[in-house]
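In the numbering used here, the protein residues as written are 999 to 1468.
C-beta atoms are modelled at their ideal positions from N, C-alpha and C, and glycine is treated no differently.
The next block holds one structure in the form of structure tokens; read it before the comments.
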Ligand SMILES: [Ca+2]
Ligand SMILES: [Ca+2]
Ligand SMILES: [Ca+2]
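Here it is as structure tokens:
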């Protein structure tokens, strides 16, 4: 078999999928994030085998004939790959994903976390013109070696040193403060790998519930809900085994362990606890408003402070809006990943919910590229979107390992993690103060001017030192 040394994976196609499904009434979804990482090894193997056989031609032809739905339902990752290959005659197939050689067990991966500390070395090559009829591609270079190439159509980007959330200043301040408050963060999302070494000590535990006895010990209406609830299946099993890279990744960004190995979460998992509320099912991460509303009610009734909503729909639900507006919790929502062509759009005019709901306790987040501009696929809006945060080539936990993912679904957890870090050590601030701290200290960037309300990006180092106006 041909040696696989590159990976072709175009975000465009997941966008297409998201755009197609977004019109279904009442359908919520994770807004089209793309992903590659150690968790995708099985898929890569299948891709490699298919590429060696007639099967690939079959898939490519079928994709051209627009049997997209079939592939979306059957094998989304294959669909994504084969669909983007359609129309090509001379496809160069090569793939290389992060391996054990790149990410040594026990090593720190902090240098890969440009969102937290950007030294300016990360770059994306110009798309190669390629041979006629072939895909062009670009490589993404991290210090220590490239990890992947992505599909055509994206501009060349070189990182700007310092375009990061300045987490080190935030941690320095955090470590200088004497008080800690326990903060519960509800992740309304897919399930989470709660046994992941990055997360196992940061998962919320319902202290009033005895797991596995078939009794609702705390009388909250949910039997054996020890880490949260699976609203898709009506069970306490929050690790259900599919599509869980999405929420596991977000959880790692928020509270990945500070143990010197793997990634660093923004907040301290010793005090910030992840309540897992699975509402999004399948590898595509699809859900509905009823489950999201039930999850919000659960979060509020069981002590959550902050709710991360890396999901969206174009269907307005007044009950959901009212539920958010009248909640004491702070909500953080993704602005969404653009249209079917992967182009970000203005959600002031074409709203994405919950990001476009008008609520004092809601922060909506766009995706910031590592050169300080808005990512091409990120939605925006002066009235609906508050600020941008890093969301592209984000390394975090995925079931069984680590992976890079991109999208506004990765941007929202940056804000959620920062809010949790601040709220845990700034016992003088309310959750609404924390929102003001984050918005009032957003770092203005020319590339964000006129696109998001603050015209700026998340600055955790500044936000954590925010002084309330007297
Ligand atoms: Ca219970
Ligand atoms: Ca029980
Ligand atoms: Ca770690």
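Check the DSSP bridge columns for residue i and list the partner residues they point to.
i: residue 1276; result: 1187, 1228
i: residue 1311; result: 1351
i: residue 1306; result: 1185, 1330
i: residue 1367; result: DSSP output for residue 1367 lists no bridge partner at all.
i: residue 1295; result: DSSP lists no partner for residue 1295.
i: residue 1466; result: The partner list for residue 1466 (beta bridge, DSSP) is empty, contrary to what the question assumes.
i: residue 1378; result: 1344
i: residue 1442; result: 1454
i: residue 1396; result: 1399
i: residue 1233; result: 1228
i: residue 1201; result: 1272
i: residue 1106; result: 1260
Would you call the CB atoms of residue i and residue j closer than 8 Å?
i: residue 1384; j: residue 1362; result: yes
i: residue 1422; j: residue 1251; result: no
i: residue 1349; j: residue 1112; result: no
i: residue 1156; j: residue 1369; result: yes
i: residue 1189; j: residue 1236; result: yes
i: residue 1272; j: residue 1168; result: no
i: residue 1433; j: residue 1359; result: yes
i: residue 1306; j: residue 1460; result: no
i: residue 1248; j: residue 1303; result: no
i: residue 1296; j: residue 1178; result: no
i: residue 1319; j: residue 1355; result: yes
i: residue 1400; j: residue 1260; result: yes
i: residue 1413; j: residue 1246; result: no
i: residue 1469; j: residue 1441; result: Nothing about residue 1469 can be read from this structure; the chain reaches only from 999 to 1468.
i: residue 1418; j: residue 1436; result: no
i: residue 1351; j: residue 1405; result: no
So is residue i buried or exposed if we call it buried at 16+ other beta carbons inside 10 Å?
i: residue 1276; result: buried
i: residue 1420; result: buried
i: residue 1391; result: buried
i: residue 1339; result: exposed
i: residue 1448; result: exposed
i: residue 1473; result: Only positions 999 to 1468 of the chain appear in this structure, which leaves residue 1473 out of reach.
i: residue 1324; result: exposed
i: residue 1466; result: exposed
i: residue 1163; result: buried
i: residue 1203; result: exposed
i: residue 1258; result: exposed
i: residue 1457; result: buried
i: residue 1223; result: buried
i: residue 1430; result: exposed
i: residue 1286; result: buried
i: residue 1232; result: exposed
i: residue 1220; result: buried
i: residue 1326; result: exposed
i: residue 1468; result: exposed
i: residue 1087; result: Low local confidence applies: a pLDDT of 26 at residue 1087 is under 50, so the model's placement there is unreliable, with the coordinate-based value given in what follows. So residue 1087 counts as exposed.
i: residue 1317; result: exposed
i: residue 1314; result: exposed
i: residue 1175; result: exposed
i: residue 1333; result: buried
i: residue 1180; result: exposed
Is residue i near ligand 1, with its Cβ less than 7 Å from a heavy atom?
i: residue 1337; result: no
i: residue 1207; result: yes
i: residue 1215; result: yes
i: residue 1223; result: yes
i: residue 1218; result: yes
Relative to ligand 3, is the shortest distance from any of its heavy atoms to the C-beta of residue i smaller than 7 Å?
i: residue 1394; result: no
i: residue 1260; result: yes
i: residue 1254; result: yes
i: residue 1257; result: yes
i: residue 1109; result: no
i: residue 1196; result: yes
Please list the terminal residues of the continuous beta strand (DSSP E) segment that includes residue i.
i: residue 1400; result: 1399-1404
i: residue 1285; result: 1284-1286
i: residue 1471; result: Residue 1471 is absent from the structure shown; the chain starts at 999 and stops at 1468.
i: residue 1120; result: Careful: residue 1120 lies outside any beta strand (DSSP E) and carries neither H nor E.
i: residue 1268; result: Taken as a continuous stretch (DSSP letters only), residue 1268 belongs to no beta strand (DSSP E), as it is neither H nor E.
i: residue 1387; result: 1385-1388
Quick one: give me the first and last residue of the alpha helix (DSSP H) that residue i is part of.
i: residue 1316; result: 1316-1323
i: residue 1114; result: Looking at the DSSP string, residue 1114 is not in any alpha helix (DSSP H), and its letter there is neither H nor E.
i: residue 1165; result: 1165-1174
i: residue 1252; result: 1243-1253
Indicate, with yes or no, if ligand 2 has a heavy atom lying under 7 Å from the CB of residue i.
i: residue 1211; result: yes
Looking at ligand 4, does it come within less than 7 Å of residue i, judged from the CB to the closest heavy atom?
i: residue 1460; result: Annotation note on ligand 4: not contained in the displayed structure, which lists ligand 1, ligand 2 and ligand 3 as its ligands.
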